[in-house]
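*Asks:* Be aware that the sequence shown starts at 36, since it is given in the working numbering, and climbs by one per residue.
Sharing a structure here in structure tokens format.
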Amino acid sequence: MAVLLSGVAPVISREDDIALRRLHYTELLDAAHIREEKDDGEPVVSNGIAMCKIHHAAYDRDIMGISPDYRIELRRDVLEESDGPTLRYTLQGLHGEAIWTPRSRRHKPDPDLLAERFDRFRAHGSFPG
């Protein structure tokens, strides 16, 4: 597993889930930074979200954002695209859903970091309603 943040792998194994969809193949999981390393993001669990590689890429490229209240949002162009079942089920189906978060407060993504990152996401495109 490509662990970018210390402690995320144990959280995944203890909690037995990932933030966006149930996926138990740890080889396909990444730990996505909320505040990226290049922006002085710290390698701590509260600055990370366990995601599959597709969701991680979408998050890093501001195709998908996660609000401070843990809701997933996609850019309008992605929602309006018609490109088959992979796009429909892997990304479009997540729009408006809440991510799964660990029970332990210290393992939850930091809402302040999410707000900062969500503002960046919202600055990169057009969004529904």
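Ideal Cβ placement from N, Cα and C applies to all residues, glycine included.
When burial is assigned at 16 or more other CB atoms within 10 Å of the CB, is Y94 buried or exposed?
*Replies:* By one-based count along the sequence shown, residue 94 stands at place 59. Buried: at least 16 other Cβ atoms inside 10 Å.
*Asks:* Hey, how far is the Cα of D147 from the Cα of P120?
*Replies:* Here residue 147 is taken as the residue at index 112 of the sequence shown, counted from 1. Here residue 120 is taken as the residue at index 85 of the sequence shown, counted from 1. Those two C-alpha atoms are separated by around 34 angstroms.
*Asks:* So, for R222: in the same chain, excluding its five sequence neighbours on each side, which residues have a beta-carbon less than 6 angstroms away from its beta-carbon?
*Replies:* Beyond the ends of the chain as shown, which are 36 and 164, falls residue 222; an answer cannot be given.
*Asks:* Can you tell which of G128, A92, L114 has the C-alpha that lies nearest to the C-alpha of D65?
*Replies:* Here residue 65 refers to the residue found at position 30 of the sequence shown. Taking only the C-alpha atoms, the option nearest D65 is A92.
*Asks:* Report yes or no: is there a C-beta of chain D within less than 8 angstroms of the C-beta of L148?
*Replies:* This model lacks chain D altogether, as it is built from one protein chain only.
*Asks:* G128 by DSSP, collapsed to three states: which one?
*Replies:* As a working mapping, residue 128 is identified with position 93 in the sequence shown. Helix at G128.
*Asks:* How big is the Cα-Cα spacing for E72 and I89?
*Replies:* For the purposes of this step, residue 72 is taken as residue 37 along the sequence shown, with counting starting at 1. For the purposes of this step, residue 89 is taken as residue 54 along the sequence shown, with counting starting at 1. Cα to Cα, the separation comes out at about 20 angstroms.
*Asks:* For I98 and V113, what's the separation of their Cα atoms in angstroms?
*Replies:* Within the sequence shown, the letter at position 63 stands for residue 98. Within the sequence shown, the letter at position 78 stands for residue 113. If you take the alpha carbons of I98 and V113, they lie about 7 angstroms apart.
*Asks:* Return the chain-ordered list of same chain residues with a C-beta closer than 7 angstroms to the C-beta of F153, the five sequence neighbours on each side being excluded.
*Replies:* Sequence index remark: in the sequence shown, residue 153 carries index 118 (1-based). When the five nearest sequence neighbours on each side are left out, the beta carbons in the same chain lying within less than 7 angstroms of the beta carbon of F153 are those of G100, I101, S102, P103, in order along the chain.
*Asks:* In this structure, how does DSSP classify A158 when only helix, strand and coil are distinguished?
*Replies:* On the sequence shown, position 123 is the one that residue 158 refers to. Looking at A158 - three-state DSSP - the assignment turns out to be coil, as it is neither helix nor strand.
*Asks:* P144: which of L63, H59, H68 sits nearest, CA to CA?
*Replies:* Looking up residue 144 in the sequence shown gives position 109. When only C-alpha atoms are compared, the closest one is H68.
*Asks:* What are the residues that DSSP puts in a beta bridge with I107?
*Replies:* Reading the sequence shown from its first residue, position 72 is the one you call residue 107. DSSP lists I101 as partners of I107.
*Asks:* May I have the straight-line CA-CA distance separating A150 from D118, to the nearest angstrom?
*Replies:* In the sequence shown, the residue the question calls residue 150 occupies position 115. In the sequence shown, the residue the question calls residue 118 occupies position 83. Rounded to whole angstroms, A150 to D118 spans 30 angstroms at the Cα level.
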